[in-house]
Amino acid sequence: MKEINWDQFVEQYKPIQNHIDEYASMGGYMFETFGAEFDYVLQVYNVNPDRVWTVLADSGNVDIASGLHHVNRLGYIITELPADDDFVNVIDEDYVEEITIDHKRSAVLDDMIDTCLTDSGYMSALLRELIDGKSDDEIEKMYSDAFEY
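So for the sequence shown, the numbering used here puts the first residue at 6; every next one is plus one.
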């Protein structure tokens with residue numbers, strides 16, 4: 006296992022910006038685990054698997070491992086240069102904090118969805134608030150984006 010900081014990772018492997026989501030985590034480098042972003046990750050992986058890395062959450066730590074992993078994954082990073090080691094532990098407090106916050110937001114969202122699915126009155130109110138003031142086209146896009154997976 007190689008241990009480096011985020012700046013060394015960026016310099017050595019040259020991650021590419023997420024061109025699908027301009028607000029992507031990890032400084033704009035992380036690709037999501039679903040939808041169009043994951044489809045793109047798979048396209049790259051099928052051609053050059055050594056350029057795909059998985060951002061992993063493990064016991065409060067954030068690691069970046071070369072390859073496509075599913076357990077404990079937070080997202081993926083694609084690099085210009087291929088991996089030269091099976092596992093890289095990347096340490097950078099700023100990015101660890103950002104990922105931790107995003108992961109907590111995701112857990113809160115999951116709880117909200119569970120509540121919506123079990124309480125139809127709550128779900129109706131939440132959906133009304135979500136679509137209030139939006140055009141039919143915007144609502145249709147939100148719906149198709151939500152069920153794109």
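C-beta atoms are modelled at their ideal positions from N, C-alpha and C, and glycine is treated no differently.
Quick one: grab the DSSP three-state call for residue i.
i      : result
PRO87  : coil
LYS5   : Not covered by the structure: residue 5. The range shown for the chain is 6 to 154.
TYR154 : Here the model assigns TYR154 a pLDDT of 45, short of 50, so the residue's position is not dependable and the matter cannot be decided.
For the putative contact between residue i and residue j, defined by C-beta atoms under 8 Å, what is the C-beta separation to the nearest angstrom?
i     : j     : result
VAL60 : LEU79 : 5 Å
ILE83 : ILE69 : Incorrect: roughly 12 Å between the Cβ atoms, too far for contact.
TRP11 : VAL95 : 6 Å
query: What are the start and end residues of each continuous beta strand (DSSP E) run of 3 or more residues lying completely inside the stretch 18-92, in chain order?
result: 57-63, 66-71 and 78-83
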